[in-house]
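Report on one structure; see the data block that follows.
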Amino acid sequence: MDPWLIWLIIALVLAIAEIFTLTAALGMLAVAAVVTAGTAAIGLPVPGQLVVFSVVSAAGVVLARPWARRMMLQPRLERFGVEALVGASGYVLREVNNHDGLVRIRGEDWTARPYDESLVIPAGRTVDVLHIDGSTAVVYPRE
């Protein structure tokens, strides 16, 4: 069997293992095996192939790992779902008191209650969303 074909089989096995483990390390080794398959296809002897595989693998770890780590540790700038509603403003459709209320936030109607249980917010006022508790927006009147 040709050496380049062996390296491609190794790359395929590593790529499949990467799909199941999601570690990125096996993916970098799979890329190194593909590069080595290319060098084997142009006739580089086996010791040279092993050197190419080692150098490309090390370069992948040295170059890609710090970048990937930085991306994983970086805080998410965008918020999704109900987290995105926190800090948004809303319009009171029905008086908001400790037991009942309805506000429109970004075009959607939400049940609401005031942050301060003693507050009563009349219809027509603008409020700020402090947090979402289940399906209820906890709001505070904008001054």
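Residue 90 in full-length UniProt numbering is what sits at position 90 of the sequence shown, and the numbering runs on without skipping anything.
We put the beta carbon where it would ideally sit given N, CA and C, even for glycine.
Per-residue burial, residue i [other beta carbons within 10 Å of its own, 16 or more giving buried]
| i | result |
| --- | --- |
| residue 49 | buried |
| residue 79 | exposed |
| residue 21 | exposed |
| residue 60 | buried |
| residue 55 | exposed |
Neighbourhood of residue i by C-beta, 8 Å cutoff - its chain only, sequence neighbours within 5 removed
| i | result |
| --- | --- |
| residue 95 | 101, 120, 121, 122 and 123 |
| residue 68 | 24 |
Those residues which DSSP pairs with residue i across a bridge
| i | result |
| --- | --- |
| residue 138 | 113 and 131 |
| residue 125 | The partner list for residue 125 (beta bridge, DSSP) is empty, contrary to what the question assumes. |
| residue 104 | 91 and 109 |
8 Å contact criterion, which residue i and residue j should meet: CB distance rounded
| i | j | result |
| --- | --- | --- |
| residue 105 | residue 86 | Wrong, their Cβ atoms sit about 10 Å apart, outside the cutoff. |
| residue 115 | residue 91 | Rounded, the Cβ-Cβ distance is 17 Å, inconsistent with contact. |
| residue 88 | residue 110 | With 8 Å as the limit, residue 88 and residue 110 do not qualify as a contact, their Cβ atoms being about 10 Å apart. |
Cutoff 7 Å; reference residue i; Cβ partners in own chain excluding five residues on either side
| i | result |
| --- | --- |
| residue 3 | 40, 46 and 49 |
| residue 17 | 26 |
| residue 29 | 14 and 57 |
Legend entry - Completely contained beta strand (DSSP E) runs for the region 46 to 100, where each covers 3 or more residues: 89 to 94
Inset, instruction - Scan the region 2 to 43 and note each continuous alpha helix (DSSP H) run of 4 residues or more that stays entirely inside, going in chain order. - result: 3 to 21 and 25 to 41
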